[in-house]
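Residue numbers (the numbering used here): 318 to 477. This report concerns only the one structure given below.
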């Protein structure tokens, strides 16, 4: 049977992970890219996979992004594409290794009303107390993500 401290840590980690995953909808609602980072440590690194996703973002494949680098990239699409909802499933945390995972399905809407669904798997590490995420591996549906990115760029060009 899990101890009270372990159950508290588990609940904290689950709450942190859910809040992190909800951050995209919050950031879209408030048009504030920093809201995707409210549950991250300052040193948190984010790796997007597969590498083709990094190329689609205009970044070299391989390196992890800092909080500020990711916020900058994410902020560029906010004027034309928003996450309107997220369905979080398969959420799991491990208090021993201070890690967590989840699957998300985000419904994103462009400013012209068109919608696209992005399916992602997340693997995270937590700070000791479970209140912050310290490392992220974000695995996205590459085909749909490339479509999403291309459409966002097209709409941004039209706004110029």
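C-beta: ideal position from N, C-alpha, C; glycine also.
- [ ] Use the C-beta contact count for residue 375: other C-beta atoms within 10 angstroms, 16 or more gives buried, fewer gives exposed.
- [x] exposed
Open item on the list: Suppose you measure from the CA of residue 414 to the CA of residue 356; what does that come to, to the nearest Å?
Closed with: 18 Å
Task: Alpha-carbon to alpha-carbon, residue 340 and residue 394 - done: 15 Å
Task: Nearest candidate by alpha-carbon position, reference residue 442, set 323, 334, 328, 325 - done: 334
- [ ] Apply the 10 Å Cβ neighbour rule to residue 354 and answer buried if 16 or more other Cβ atoms are within range, or exposed otherwise.
- [x] buried
Open item on the list: For residue 344, tell me which candidate among 391, 370, 438 has the shortest Cα-Cα distance.
Closed with: 391
TODO: Ignoring anything shorter than 3 residues or poking outside the region 381-446, list the beta strand (DSSP E) runs there in chain order.
DONE: 398-411, 416-427, 432-443
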